[in-house]
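To start, the structure under review is shown below, and the notes come after it.
Protein chains in written order, with the working numbering: chain A, 5 to 229; chain B, 5 to 229; chain C, 169 to 399; chain D, 169 to 399.
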């Protein structure tokens, strides 16, 4: 794989690709890390609202210098703003939004994704405890879950697997995976390789993916300028 | 009993007596009928708030001529007002108040009360269906339930019984009963006859009460002027 | 930004089909979306399951919907009121089914539906006729009735103000069931007295966030409970 | 009318005893009632069970309470954050117990407690470590985790404005857990930035009705997260 590393997408490029899937009118929850880079890349003609589980519906970007309010933060605890038409709700109502079918998409980081869509993202296997936060509620409740991660771990092992070795976050929820190598959909027929990064080929991706990929119609990831 | 009928309290007198038990600082829910007559008789030096299950906390009296708002009604669907410091909540939150331990007292009409405090007030035995409204929730959730009723039914039969013949509203919730003959408390030791209407004696009350009454220390109901 | 406003009443309610389950706001007359209900009447839909607190008053609102034969089943807490004579007539004639739910349980079942929960344990109705057939669960040394969540295909709600995103405020006790019903339907339709610009509602005072509202129709103020026959 | 105002911090928190279970508002630093927590620290209480989302930041708020040895057990969703180093140190030393609850389940368990319910069925955590030992209930063809209601002996909450009855409004995302916690304790203590006269709060914009608030203490605005050692 070493000779191909230069073809891997950067974290920003993964976020930019995921941003293209955010549809007009959607309400989206962003996990910490890579997902928080998505908003900057959403096509300007689309109206996408962001839900932050600490009760903020209509989260905007970071505040301009001197315009921050200490009481307005994201779930990642960064100072943020609110867009016009935003609303504040309490925590139980905020999770009612998440579990109640009104969250169109959750973009979450992942340690492992299983072929059936099982998501593992809250705890390492060797940790006796983890910081679950809202991950399990949001993953279980969102209409769609997009997993965002590097395709392999630091030792080159596949993170898209047929059997999980990490603690489970939610059963069968992931609908699409965005990695530094590929875009993969989870369908009733199995995992479908939709797109690969420029310079890679299908077999490169399958070689580091434990689960079998359907590769009938594979495009190339368009890299944002 | 006929010769004693003139000694029976009127509905207003029952309400006036119950009003004396409303303690300073209480939040109280009033059922339809007799309980709605209570507020006028509450001693002026006590601050008692009224909860109406349709989301009104701090219900005030009927509006003055020309000052009614069609959107401000009681649970009995009468036009009402709101006291200063009142608040509006939605229905689920309103019943959270009722079930969640913040309702100090519910004053409810009753068909039958059983010696253990079982309340029957939502449906007649011969009806196949009734209008339960919020009776079961409020009875089950309030810290105290005061039952208000005539001591006997139209045929002279006891309404305070050892076994109920009416459909149950809530198990063991009634703490005090206010009738046209007496004030009776339900205690761990049994039913205690606390007060009787002027002109009646203890045996008059026991004679029309199926459940045995503890009558060690019986006072007279003070009739409001 | 998409504006959620429906230009006509038919646009607002037109997608409701025969057999739908509809949550309808209101307690007594305040908060009943009478204009939206009139719209459903005009569509002539049949066999609707209506979830609402009361069985209608006089000939308007829910009573009109029942009178015109649109309702196959009513789920409510308070069916037998003098003013609900239209319902009683159809019920006695065997033309409408009825499910009675305690009022607090009804609002909580709807909230649970809106919150993506399957049900909840309540002390309400334990030991009574209205708990018959429902699971009894022991927890923390007490018995509780397990009540199921309740959702609608549609919710028809009445609010006071909206902005273009459907963020809603309410008016006095016309709030009642409306905010929880707004949460608990696949498609939520609000009638509102007034619509305002996008930045006119303080985000702190919005009761129903617009994410729960699919479309709204502006009615202006009207006197509630008046008969407005087929428009 | 009784005014619910506490004249001093000690009046506000003085009735808290060793071993109490306390719900404490806040998510991150916004909404954490730092002044009330300082008051509890000053009382030197021990063996408290604290229910709150995070395990404290730096040396202030919950972190100070932990650092001063007041906390026997923490029930939270997000214990392992860099800024929660004080908690980690005591946890690693075996001096504090931990129960991890998914955040939506935590807020819903508290709301259920406040609403007088025994528990609820949720899809959250099904099949995971965090559902271990909890009843799994089948309903409507799905499996659900039965989660129990959670109440506190006390709730310490932070609000924006109050009136003499304890009707509360909040400020931006400092709202978070505070309104549900206010509902779910036997005795609810609010710190507020400002108190206003009885008729100054619009009844429509009150988030927490005063019936849930037992006393309040006025702090004025302060910068959150600053260390304020024993006063």
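Glycine included, every Cβ here is placed at the ideal spot set by N, Cα and C. Just so it is clear, the structure is predicted and the values come from calculations on it, not from any experiment.
query                                                                                                                           : result
Limits of the unbroken alpha helix (DSSP H) element including residue 98 of chain A                                             : 95-103
Proximal residues, the segment 59-70 of chain A versus chain D, C-beta separation under 8 Å                                     : 59 and 60
Close Cβ partners of residue 6 of chain A (< 8 Å) along its chain, the five nearest in sequence each way excluded               : Per-residue confidence for residue 6 of chain A stands at a pLDDT of 45, beneath the threshold of 50, marking its modelled position as unreliable; the derived number appears in the next sentence. Result list for residue 6 of chain A: empty, nothing under 8 Å.
Identity of the residues DSSP links to residue 269 of chain D by a beta bridge                                                  : None; residue 269 of chain D has no bridge partner.
Local conformation of residue 281 of chain C per DSSP, three classes                                                            : helix
N- and C-terminal bounds of the beta strand (DSSP E) containing residue 182 of chain B                                          : 178-182
Three-state secondary structure (DSSP) of residue 45 of chain B                                                                 : helix
Distance between beta carbons of residue 245 of chain C and residue 136 of chain B, contact taken as under 8 Å                  : 6 Å
Helix, strand or coil at residue 356 of chain C [DSSP, three-state]                                                             : strand
Local Cβ density within 10 Å of residue 223 of chain A, reported as buried at 16 or more and exposed below that                 : exposed
Minimum C-alpha distance to residue 176 of chain D - residue among D/367, D/195 and D/358                                       : D/358
Residues near residue 443 of chain D by beta carbon distance below 6 Å, same chain, minus five either side                      : Residue coverage of chain D in this structure runs from 169 to 399, which leaves residue 443 of chain D outside it and unanswerable.
Distance between residue 366 of chain C and residue 253 of chain C (C-alpha atoms, nearest Å)                                   : 43 Å
Against chain D: residues of the segment 286-302 of chain C by CB proximity under 7 Å                                           : 286, 287, 288, 289, 290 and 291
DSSP bridge partner residues for residue 241 of chain C (one or two, in chain order)                                            : C/217 and C/265
Any chain A beta carbon closer than 8 Å to residue 379 of chain C                                                               : yes
Counted within 10 angstroms of its Cβ, other Cβ atoms place residue 57 of chain B as buried (16 or more) or exposed             : buried
Residue 140 of chain A, enclosing alpha helix (DSSP H) - first and last residue                                                 : 139-145
Whole-angstrom distance between residue 159 of chain A and residue 187 of chain A, CA atom to CA atom                           : 21 Å
Backbone CA spacing between residue 313 of chain C and residue 144 of chain B [nearest angstrom]                                : 12 Å
Amino acids of chain A, ordered along the chain, whose beta-carbon sits closer than 8 Å to that of residue 357 of chain C       : Here the premise fails: no neighbours, minimum Cβ distance about 15 Å.
Min CB distance residue 279 of chain D to chain A below 8 Å                                                                     : yes
Those runs of the beta strand (DSSP E) which lie wholly inside the segment 22-89 of chain B and span at least 3 residues        : 31-34, 53-56 and 60-64
Given 8 Å, three or more beta-carbon pairs between the segment 171-179 of chain B and the segment 288-298 of chain C            : yes
Within chain B, the residues that residue 327 of chain C reaches when beta carbons sit closer than 9 Å                          : Within 9 Å Cβ-Cβ: nothing; residue 327 of chain C doesn't reach chain B, min ~11 Å.
Candidates C/191, C/267, C/337 and C/350, of which the one nearest residue 208 of chain C by Cα                                 : C/191
Cβ pair residue 211 of chain C, residue 230 of chain C closer than 8 Å                                                          : no
Environment of residue 201 of chain C [buried if 16+ CB atoms lie within 10 Å]                                                  : buried
Min CB distance residue 248 of chain D to chain A below 8 Å                                                                     : yes
Under 7 Å (Cβ pairs) to chain A, residues found in the segment 243-271 of chain D                                               : 245, 246, 247, 248, 249, 266, 268, 270 and 271
Validate contact between the segment 148-157 of chain A and the segment 111-126 of chain A using beta carbons, cut 8 Å, 3 pairs : yes
Opening and closing residue of the beta strand (DSSP E) in which residue 316 of chain D lies                                    : 310-316
Residues sharing a beta bridge with residue 195 of chain B, DSSP                                                                : B/190 and B/217
Reduced DSSP category for residue 341 of chain C - H, G, I as helix; E, B as strand; rest coil                                  : helix
Residue span of the beta strand (DSSP E) that contains residue 305 of chain D, given as start and end                           : 304-307
Candidates D/337, D/390 and D/361, of which the one nearest residue 374 of chain C by Cα                                        : D/337
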